[in-house]
Amino acid sequence: MTGAALRAFVTIAIALAAGVLWWVFSLALLEGPGERLAPLAAEALPRSGVGNPVTAVLLNFRAYDTLLELAVLLAAVLGIWASGPPDRGFAPAEIVLAGLVDWLVPLLILAAGYLLWVGGQAPGGAFQAGAMLAAAGVVLRLAGTPRAGLPRGDWQRVLVVAGVAAFLAVGLALMAIGHGFLTYPPGHAKWLILTIETAATLAIGATLAAAYVGGSPPDGPPGEDRA
Amino acid sequence: MIDTLALAITLPLLGALAAVARPRAARAIGLITALVTTAGVAALVIEVAQFGLRRTDLGGWGAPLGIALQADGLAAALLAMTNLVALAVSLYASDYFGDGPIRRHFWPLWLLLWAALNGLFLAADLFNIYVALELVGLAAVALAALTGTREALTASLRYLLASLLGAITYLLGVALLYAAHGTLDLGQLANAIAEGPVAWTALVLMTGGLSIKAALWPMHFWLPPAHGNAPAPVSAALSALVVKAAFYLVLRLWFGLYDTAATLAAAHFLGFLGAGAVLWGSWQALRAERLKRMAAYSTVAQMGYLFLFFPLLAAAEPGAAREDLLAALVLFALSHGFAKAALFLAAGHIQQCAGHDRIAELSGTAQRLPATTFVIALASVTLIGLPPSGAFTAKWLLLSGAIAAGQWWGVLVVLAGTLLAAAYSFRLLGRAFGFEPTPYRCITAVHTEVPALALALTATLGLGLAGDALWTLLQVGGPR
Amino acid sequence: MITALLYTAAGLLLFCLGLWSFLMHRPLLRKLIALNVMGSGVFLVFVALAYRGPEGAPDPVPHALVLTGIVVAVSATALALALGRRLEEAERD
Amino acid sequence: MTLTAWLPALIVLSSAIPGLVIFFLKEEQVAARTLLNMAGATVKLLLVGLLILGIQDHQVFESRLALAPGLELVLHADALSVLLVALSSGLWFVTTIYAIGYLEGSPYRSRFFGFFSLCVSATVGIALAGNLITFVIFYEILTLTTYPLVAHRGTPQATRGARIYLAYTMIGGVLLLAGAVWLQVLAGPVDFIERGMLAALPVERFGQLQAIFFLLIAGLGVKAALVPLHGWLPQAMVAPAPVSALLHAVAVVKAGAFGIVRIVYDVYGVEFAQALGLLTILAVLASITIVYGSVLALLQDGIKKRLAYSTVSQVSYIALGTALFGPLGTIGGLVHLVHQGLMKITLFFGAGNYAETLGIHKVADLDGVGRRMPWTTLAFTIGALGMIGIPPVAGFISKWYLGIGALKAEMDWAILILAVSSLLNAAYFLPLLYRAWFRDPPAAWPKESIPRGALETRASLLVPPLITAALALALGLFAAAPFGVLEWCRLIAAREYGL
C-alpha cells in the first residue's frame, strides 16, 4: 500500500469507528440505567464528612483511587528527576516583573488555601489548590528563581511524598485500630480528610513545580554523591 | 485487624516513600521492603489457599460506590510469582547498582512499580485498574530510561506513548460500560453485561488498549527496544511482570467479566495474532545480534503462546477440560515469568563481565561463567518448553487442547515455535563451550548468582514437578 | 438527554481526531499532543455521562474520575516532555 | 510398602543427586568427585539388585507424582524396564571407572561428570517410565544432558557436532511430543501395559493411530539412528571416548531402540501393530538401516567413525527383532539390546585405549598394536567377533534368534538381510583384527602418551574393557543359564504375546 492509500485507509477506518462509537454510546445512554451512581452518592454524602459530593468521591468513597493518583504523580516526578539535572532557568526579572511577582505569589498561595478549604463544601479541593501553588512556583521560576521557590534537596523530597504519606498514615492507622484501610470512623471523617487534603495540596504543588523545574533537586549537605 | 490485601499494596508504597525521602539509604530500604512485602504477600496467598476468596471494601462503602480489592486463586497465583520474581530482582539489583548513582532513582521507582503491580492483580474496579495501569506504565517507563543512553531514551519515549495510547483506549471502554451499567465493579458488571453492540464495543476497546500494553503482535513494536536497552534488573521486571499484568487483565475481562459474551470468532482472531507473535517473535529472536534483544523478542513470542489459548478456552465447555486449559495458561505465564527474569538477570551478568552482549562474540561462557551459563540453560529449557519445566506441562495441555479441538494450525505453530526457540536459545549456548578467547573482566561472587539461579530452578523444576498445586489454588473463585 | 448525547459526540470526535493525529504524525511532540486530545475526549464523555438534566445534580462519580484522570494525564505528559527534552540533548551531543 | 513406592525414584536419584553435587565441586577436588561418582554407581547397582529380587518376588514397584490432573510422572518397574535398567546401571559403573582414567588431568571434569551422571539418570528414567509422558520427559532430558557431553571439548568440530546432534534430536523430540499428545487425546492417559491398550479403540480411529505410529517412530528413530535420521551419530563422534561409549551402547541409541520396543509392545500391542500393518514397514526401515550402516562402516578409515556406522547398523537389529512378529524374533531383538551394549562398549573402550595410549585414530595405524597392547586388543577382538555373530560370543545368540524369528514371521527376506549384514560386519571388522594381530608394529606409534609400565596402559582404562568383554563372552557361553538375560527375554516375550 502506498503512503497516500494508507492515509486514506486510516482516515476512513477512524471515521467509521467514530460513527460506530457514537451509535454505541447513544445506545448505552438511551437504554442505560440513567441514574447510575448519583443517588447512591447523594444518599451517602451526609456520612462522608464533606459537603461537596466530588470531594466525597475523591477523598472518601474512592479515596484509594486518589491515593494511587498521587503515586502516579510521584512516579512522574521521580522519572523526571532520574533524567538528569535541571536547566539553569531564566535570568532574574526586571524590576516591573519582579514587583508583580512579589504581589502575585502571595495571592496565589492565599487562593490555594481558599480552594483547599472550600473544597469541602463547593467546587475546589486538593488538586485545584495544588495547581495554584504550582502556578506560584512557575511564576517564580519565570521570574528568575531557579528552584521555583522549592526547598533544597531533602525537604523537597519530603514535600513530594507528603500526599501519599498522609494517605498511608491515615489509612494504615485506621486499619491498625480496627476500622479497615481508609475506613474513616464516623465523626472523624472531616478532619482526617482535611489532613490528607492539606498534605496532598502541598505535595501536588511541590511535585508540579518540581516537574516544571525538570531535573533532580540539588542535594543538601556537600559531599553527598551527585547523581 | 490486619488486611493483607491492603498491605500487599501499601508496604511497597511505604518503602518507595522512604526511599524517596532518604536516598542515601535507598538500597537498605529497598531490600527491607522487598523482604517485608514478599512476606506479606505470602501471608495473603496462604490465606487464599486456606480460606478461599478474599475481598475487602476499602473505605467500608462497598461496591458500587466504593472500591474493593479482591484475591481469588488466579490473582494469588500471579501475586506469588510476581513477588518472588520481584524479590529476586531486588536482591540482584542491590548488587547490580550497588552504591552507584542510579540506585537512588532505581529503588523508589521500582518499589512504586511493585506496589502498582500488586494493586493491579488485586483490583476489582475498572477505573481503579486504569489508575494502577498508568502507575505501572509510568514507573516502568521511568525505569527503562534509567541508563540514559540515546537508545534507551528513544525506546522509553516510544514505550510511554504506546502505553498511554493503550490506557486511554481502555478508559474509553470503561466509560462505555459505566454509561450502560452505572457501575465499575467487576463482579457487578459480570452479572449485568449482556451480549450486544455495547458490550462488544467495550470489550474491543478495552482489549485493544490492553493488548498494546501486553505487546501482542503486531502491537509489540515498542517492546524489544525498551526491554533490550533497560538495565538488566529492569528488563527482567518489565518482561516477566509488566506485560504479564496487562495480559492478566485481558484474561480477567474475557473469562471473568464477559465469559458468555466472548464469542469464538473474536477469540480466534486473538489466537491468530498470538500465532503471528510466536512465529514472528521467535524469528526475530533468532536474528537478534544482542542477547538482551533476543530475550526481548522471545518475550513477544511467549506472549503469543498465551493468546493461543484463547480460541481453545472460548470453544471449551465449562468444566474440567476448560479448567485444565486455564490452569495450563496460568502455568505457562508463571513459568515464563520466572524463566525470563532469570534470563535477563543472567544476561546482565554477562554484560557486566564481558562489557557487551553481542551473541556472536560471547564464547566460552561455560568455562568463565559456569553458574550464569547454567541459569541461561535452565531458563532456555522453559522458554523452549522442554521437560521438566512448567512450560512443558503447559505446552502439553495446549497441544492436547488444540488437537482435541481440531485446530491443527495451532499445533503446527506450537511445534514450529518450539523448534525456533531451541534454535535461538542454542545460538548462545552452542558457543558456551567454545574456547575462542572472549575477555571477561570479572569473576562473579557466588551470592550474586543466587537470585537468577533460584528463579531458573523454580521455573524449570519447581513449576514442572509441583505444578499440580496450581490447579488447587485456581479452584478458588476463578474467572469462570 | 440530547445535551448528553451532543457532549458525548463531541468527546468521541475529539478521541477520534486525536487517534488520527497520533497515527498520522511522526514527531513525538505531536503524538503527545494527540494523546492529550484523545484524553480530553474521554474526559468529556465522562462529564457528559454525569449530566442529569438541568434540574438534577450531576453524578459526582464521573466528575471525580475525570479529576483523577487529569492528574494522571498531566503526570504522563510531564514525564514524556522531560524524556523528550533529554533525548533532544542526547541527540545534540 | 514405602520401599516399593520409592525404589524406582531412588534408582533415578542415585545418579542424579551425585551429579548435581558434582557440579559444585572444584576442579581439583578429584578424590571427592571420584568418591561421589563411584558411590552413586555402587548404590545404583545395589538398588537395581534389590529391584530385581523384588520383581522375582512379584512385588510391584511404582513411584508416582502428579504434574497436573491427568498427567502423571510414573516410574514403574516391569520385566522390560529391568532389562535396560540393569544394563545401563552396570555399564555406567564400568564407564565411570573408565572415564575417570580417560579424563585424568583434563579440564572441566566436574562439569563433565555432572552431566555424565544426569545422563544416566535420564536413561534409567526412560527405562522405568510407566507411561508415555514420563517417557517423553526423560527422553528430552536425555537430549539436554548429553548435549554438553558432546560439546565438552569445545573445539569447533565439537561445537559443530553438538549442534548437529541437537538439531536432529530436537526435531525428533518435537515429533515424539506431537505423536504422544495426539495419542493421549485419542486414547486417554497412555500407560505402558503388556500387550498394549489401543486395540480397544473404535475402528474409525485406526487411520489416526497409524499416523501417530509414524510420528512416534520418527521421533524415536532419530535417537535409534534409523536411516535417514542417523546423520547426527557420526558427527557426535567428536566427543570423548567414554561419551561415545555411553551414547552408543547405553544411553542415547538405546533410548531410541527401547522406545520403539515400548511403543510396539506396550502401547500398540504387537498383535495390533501387526494387524495395522505397521510391523512390516518397521522391518523394512530397520533392514535398510542395517545394510546401509554396514556399507558405510566399510568405507570409513577412522576407527571411531567405523564403529559409529556399525552402531547405526547394529541398533536396528533391535528394531528388526521388534518388527518380526512372533516370540522368537522378539527375543532376538531384546537380547540384542543387552548384547549390543556390552559388545559395542567394549569396542569403544578399546578404540579409546588405542587413541589415549598410542594416539591411534585410523584403521591404517593399527598395525601390530596387538603386540603392544595385547589385553586391550583381546577385548576388542571379542567385541568384534561378537558383532559379526561368531559363536560363542553373545552376538551369535542375537542373530540366531533373529534368524529363526524371521522364518517364523514368514519374512524370509530378513534372513538374507542378516546374512548380508554379517558378511559386511566381517568385512569391516576382520581387517582391523588382522592388522592388529598379524602385521608388524611400526617403528614409532603416532603419539605415545602413556608409556608402557607393568600394564600396557592405565589400569582404569584396561579393566573396564576386560570386564565387558568377559561379560559378552559369558552371555554367549552360558546363554541358557537360569536367571540369565536370555531367559529374562523369553519371559518378556511370553507375556507380550500372552503365552
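Protein chains in written order, with the numbering used here: chain A, 801 to 1027; chain B, 672 to 1151; chain C, 1353 to 1445; chain D, 28 to 526.
Quick reminder that beta carbons are idealized off the backbone N, C-alpha and C, glycines included.
Everything numeric in this text was worked out from a predicted model, so none of it was measured.
7 Å CB neighbourhood of residue i in its chain, flanking five on each side removed
| i | result |
| --- | --- |
| Lys332 of chain D | Pro261, Met264 |
| Gly206 of chain D | Ile239, Leu242, Leu243, Gly246 |
| Leu830 of chain B | First, the residue type needs correcting, since residue 830 of chain B is Tyr and not Leu in the sequence shown. Result list for Tyr830 of chain B: Val812, Ala815, Trp893, Ala897, in chain order. |
| Ala1027 of chain A | Low confidence applies here, because Ala1027 of chain A scores a pLDDT of 32, under 50, leaving its location unreliable; read the following figure in that light. So the qualifying residues of the chain are Ser1016. |
Among the options, the one whose alpha carbon lies nearest that of residue i
| i | options | result |
| --- | --- | --- |
| Trp259 of chain D | D:Pro269, D:Ala268, D:Leu274 | D:Leu274 |
| Ser133 of chain D | D:Glu55, D:Leu210, D:Tyr524 | D:Glu55 |
| Leu928 of chain B | B:Gly1148, B:Leu836, B:Leu857 | B:Leu857 |
| Ile424 of chain D | D:Leu502, D:Leu92, D:Ser116, D:Val390 | D:Leu502 |
| Val918 of chain A | A:Val939, A:Leu830, A:Leu994 | A:Leu994 |
| Ile153 of chain D | D:Leu405, D:Leu247, D:Gln83, D:Val121 | D:Leu247 |
| Val971 of chain B | B:Ala991, B:His891, B:Leu876 | B:His891 |
| Phe162 of chain D | B:Gly1019, B:Leu1091, B:Leu1057 | B:Leu1057 |
| Ser340 of chain D | D:Phe140, D:Gly97, D:Ile444 | D:Ile444 |
| Val291 of chain D | D:Leu306, D:Val420, D:Lys281, D:Ile330 | D:Leu306 |
| Gly701 of chain B | B:Ala786, B:Leu1126, B:Asp743 | B:Ala786 |
| Ala441 of chain D | D:Leu450, D:Gly430, D:Ser449 | D:Gly430 |
| Val1001 of chain B | B:Ile883, B:Ile1074, B:Arg1029, B:Ala1130 | B:Ala1130 |
| Ala1048 of chain B | B:Thr1064, B:Phe798, B:Ala1065, B:Leu1100 | B:Leu1100 |
| Leu1381 of chain C | C:Val1418, C:Pro1410, C:Ala1434 | C:Ala1434 |
| Met370 of chain D | D:Gly397, D:Ala32, D:Leu326, D:Ile417 | D:Ile417 |
| Ile1055 of chain B | D:Thr31, D:Ser90, D:Asn64, D:Leu171 | D:Leu171 |
| Pro772 of chain B | B:Phe1063, B:Pro694, B:Ala838 | B:Pro694 |
Beta-carbon separation (whole angstroms), residue i vs residue j, contact threshold 8 Å
| i | j | result |
| --- | --- | --- |
| Leu253 of chain D | Ala346 of chain D | 7 Å |
| Gly1135 of chain B | Gly1061 of chain B | 5 Å |
| Thr484 of chain D | Thr357 of chain D | Wrong, their Cβ atoms sit about 40 Å apart, outside the cutoff. |
| Ala966 of chain B | Leu1014 of chain B | 5 Å |
Nonlocal neighbours in the same chain, by C-beta distance under 8 Å from residue i, ignoring five residues either side
| i | result |
| --- | --- |
| Asp394 of chain D | Arg462, Ala463, Arg466, Asp467, Pro468, Pro469 |
| Val177 of chain D | Ala185, Gly188, Ala189, Tyr192, Ala263, Val265, Ala266, Val270, Leu274 |
| Val802 of chain B | none |
Close beta carbons around residue i, own chain, < 6 Å, minus the five adjacent residues each side
| i | result |
| --- | --- |
| Leu933 of chain A | Ala912, Gly1005 |
| Pro401 of chain D | none |
| Gly286 of chain D | Leu247 |
| Gln367 of chain D | Gln341 |
Local conformation of residue i per DSSP, three classes
| i | result |
| --- | --- |
| Phe505 of chain D | coil |
| Asp887 of chain A | coil |
| Glu99 of chain D | strand |
| Ala816 of chain B | coil |
| Asn852 of chain A | coil |
| Gln1022 of chain B | helix |
| Gln928 of chain A | helix |
| Ser1016 of chain A | coil |
| Ala156 of chain D | strand |
| Phe219 of chain D | coil |
| Ala56 of chain D | First, the residue type needs correcting, since residue 56 of chain D is Gln and not Ala in the sequence shown. Here Gln56 of chain D sits in coil by DSSP. |
(request) Please determine if the region 932-948 of chain B and the region 976-992 of chain B are in contact, where contact requires at least 3 C-beta pairs separated by less than 8 Å. (result) yes
(request) Would you be able to state if there are at least three C-beta pairs under 8 Å between the region 400-420 of chain D and the region 352-360 of chain D? (result) no
(message) Quick check: the region 214-234 of chain D against the region 294-301 of chain D, are at least 3 beta-carbon pairs closer than 8 Å?
(response) yes
(request) Could you say if the region 1416-1424 of chain C and the region 871-889 of chain B meet the contact criterion of at least three C-beta pairs nearer than 8 Å? (result) no
(message) Is it the case that the region 1378-1396 of chain C contacts the region 1357-1368 of chain C, given that we only count it when at least three CB pairs across the two stretches are under 8 Å?
(response) Segment contact: the region 1357-1368 of chain C against the region 1378-1396 of chain C, three or more CB-CB distances shorter than 8 Å; contact assigned.
(message) Does the contact criterion of 3 or more C-beta pairs under 8 Å hold for the region 106-122 of chain D versus the region 481-496 of chain D?
(response) For the pair of segments examined, the region 106-122 of chain D was found to touch the region 481-496 of chain D: the number of CB pairs separated by less than 8 Å reaches three.
(message) Does the structure place the region 897-917 of chain B close enough to the region 946-957 of chain B that three or more beta carbon pairs sit under 8 Å?
(response) no
(request) For the region 782-797 of chain B and the region 679-687 of chain B, state whether three or more C-beta atom pairs, one from each stretch, are separated by less than 8 Å. (result) yes
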